[in-house]
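Take a look at the structure below.
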Amino acid sequence: MEPNFEKKILCIGAGYVGGPTMAMIAAKCPQYRVTVVDINAERIAQWNSDALPIYEPGLDAVVAAARGRNLFFSTDIEDGIRQADIIFVSVNTPTKTYGLGAGMAADLQYWEKTARTILACAESPKIIVEKSTLPVKTALAMERILKSNDSHVHFEVLSNPEFLAEGTAIRDLENPDRVLVGSRLTESGLQARDQLVEIYRNWVPTESIITSDIWSSELSKLVSNAFLAQRISSINAISALCEKTDADVTRVAGAVGRDKRIGSRFLNASVGFGGSCFKKDILNLVYICRFYGLDDVAEYWEKVVHINDYQKERFVRLMLTAMFNTLAGKKICILGFAFKADTGDTRESPAIHVCKRLLEEKAELVVSDPKALDNARRDLGAAGKRVSYVKDPYEAAEGAHALAVMTEWALYRELDFRRIYRCMAKPAFVFDGRNIVDHRKLHDIGFNVYAIGKPPLTHFD
Ligand code: NAD
Ligand code: UGA
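By the count of my numbering, the sequence shown reaches residue 470 at its end, each step adding exactly one.
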């Protein structure tokens, strides 16, 4: 017989956020029953297998500790809703691709479907928690939908945005900088807020749990991502100036970041930021600002995305110019396709843009990545006649004219570049889009080395 659980928690959406966050709650709180549901039956089957649908360091162990005990993955959304006291909504909220706001606004169709399913199935009071990243004021729409029929079921809507980063999700969930809970400031709103806070207090120190009104909470998530992305675009913009002035962006970032008011983290110049959220969330912020007539504010934030696009394209042009203005028929080995290290996720990865542009220049590509080759194949599918996929980096580099480092996987720092150099076409080039390999050493081996925001190291006069 099933133990008597203190709370029944449901999460709708078993993706990069829903799976790991619920696994962490279940692992830390054996007294709660946690169920994660999804419309995607294949994904649920993977969550119930030994091959989880996402790669995240440490996730396997957290899932294994709780699955079947108090963590369950299921496709029975309706039953899940009926049983639950608290429902997290963690469905995808991508950028709209159609109609008004196409390319900018959040597409809320998945989220709204969830709200309507909850309304149709709920027979007892529920706390609904917005875990997805949503435009500010979405909770109001959620409340309106949930109050739109004559049922006497009471719903309380909370905002609890997720701040985990992929690749470090387990560490972030276990030891978050903060947990944010936004609620209505009514008696029932505050009671619901306390119930959610109680869950996190099982492992998060009280001083790290911030409570606020619901609109500030919703907006804080978009603003956090905008600020993080802005730092990368700021240092990437400066990397272009470094390349013109023989300055070194790593030294500049190091010196600037030593000011405690600025801080040293998130100042690594790169080929550009990727991931499913930065671009989408900034564009959403821009759209909201325009909606409220704040065009100057919108323009300011839009530039963060603009500089990111500029940076990706700048990298392609650097490769083209350095390799004598022609890439036609040249073999280029792409080291890394994931949008960052320690994930197989390739959503909005800068490697997608770079590879597509290199193919337009008629280059031949060999893509290597320890975890992201299946996604890479899907991303480059239509463009990909001249692409091959090879997991082993040594094999991938054989006969190549150039290496392009696109993801900061630790293994690329440790490669035997002498061995790689020997089997490449000459002159051999390295383009380091992450500034992770030892540029001086590679130059000594014989490579012509181009990095982001640094003077090139070449063997040409
Ligand atoms: P995802 O695409 O990996 O997962 C979303 C899941 O929701 C999918 O499996 C999909 O099948 C499911 N779904 C969609 N509609 C559904 C419905 N009506 N009923 C049941 N399931 C449904 O997305 P994700 O990366 O987990 O992101 C989810 C949300 O969290 C987004 O709003 C995102 O902005 C936010 N977020 C993501 C991250 C991240 O690192 N990926 C971090 C913080 C916040
Ligand atoms: C980001 C935020 O860091 C999370 O707090 C947030 O919850 C999440 O978005 C979200 O809302 O989805 P994530 O995109 O998973 O997390 O990963 P980040 O570590 O932020 O990296 C994003 C991109 O920026 C990567 O392509 C990374 O390589 C790049 N980056 C990061 C740089 O180019 N330079 C840096 O200094 C840092």
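Backbone N, C-alpha and C fix where the C-beta goes; we use that ideal spot for every residue, glycine too. All of these numbers come straight from a predicted model, not from anything done at the bench.
C-beta contact flag for residue i and residue j at 8 Å
i: I218; j: R210; result: yes
i: D378; j: T335; result: no
i: N169; j: V138; result: yes
i: I223; j: R193; result: yes
i: N317; j: F282; result: yes
i: Y25; j: E175; result: yes
i: S221; j: L189; result: yes
i: A201; j: E165; result: yes
i: A434; j: A409; result: yes
i: A347; j: F287; result: no
i: V162; j: S197; result: no
i: A405; j: C432; result: no
i: K289; j: T147; result: no
i: V280; j: K253; result: no
Classification of residue i by the beta-carbon crowding that lies within 10 angstroms, buried from 16 upward
i: K394; result: exposed
i: P12; result: exposed
i: I271; result: exposed
i: N293; result: buried
i: A350; result: buried
i: L109; result: exposed
i: Y421; result: buried
i: D203; result: exposed
i: L250; result: exposed
i: A115; result: buried
Expected contact under 8 Å - CB spacing of residue i and residue j to nearest Å
i: T352; j: Y107; result: Not a contact, Cβ separation roughly 29 Å.
i: I127; j: K135; result: 7 Å
i: A150; j: I90; result: In fact, because the Cβ distance is near 19 Å, the residues do not count as touching under 8 Å.
i: V45; j: G28; result: 6 Å
i: A392; j: T355; result: Their Cβ separation, rounded to whole angstroms, is 14 Å, which puts A392 and T355 out of contact at 8 Å.
i: V265; j: M113; result: The pair is not a contact, with the Cβ atoms about 32 Å apart (cut-off 8 Å).
i: L8; j: A262; result: In the structure as shown, the chain starts at 10 and stops at 470, and residue 8 therefore has no counterpart that could be examined.
i: E370; j: A419; result: 30 Å between Cβ atoms; not a contact.
i: L80; j: A129; result: Between A129 and L80 the Cβ distance is about 26 Å, and since that is not below 8 Å, they are no contact.
Residues near residue i in its chain [Cβ-Cβ closer than 6 Å; skip 5 each side]
i: R366; result: V325
i: T467; result: N457
i: A278; result: I244, N245, S248, V258, I461, G462
i: A124; result: M151, I154
i: R465; result: According to the sequence displayed, residue 465 carries Pro and not Arg. If we look at P465 and ignore the five residues flanking it on each side, its Cβ neighbours are Y459.
i: L451; result: F426, V439, V458
i: I96; result: L19, K135, I137
i: G67; result: I179
i: S99; result: C20, G22, V26, G27, K140, S141
Cα-Cα separation between residue i and residue j, rounded to whole angstroms
i: L231; j: Y430; result: 44 Å
i: I48; j: M328; result: 43 Å
i: W212; j: I179; result: 13 Å
i: R76; j: C38; result: 12 Å
i: P359; j: L173; result: 20 Å
i: L389; j: P436; result: 28 Å
i: S225; j: K269; result: 26 Å
i: L167; j: R443; result: 39 Å
i: A381; j: A93; result: 35 Å
i: V399; j: I343; result: 10 Å
i: V414; j: E121; result: 40 Å
i: R387; j: L368; result: 16 Å
i: R240; j: S160; result: 48 Å
i: H315; j: H362; result: 14 Å
7 Å CB neighbourhood of residue i in its chain, flanking five on each side removed
i: I5; result: As shown, the chain starts at 10 and ends at 470. That puts residue 5 outside it, with no answer to give.
i: A74; result: A36
i: Q40; result: F14, E15
i: L374; result: I341, I343, C364, L367, L368, R395, V396
Close Cβ partners of residue i (< 8 Å) along its chain, the five nearest in sequence each way excluded
i: R427; result: I454
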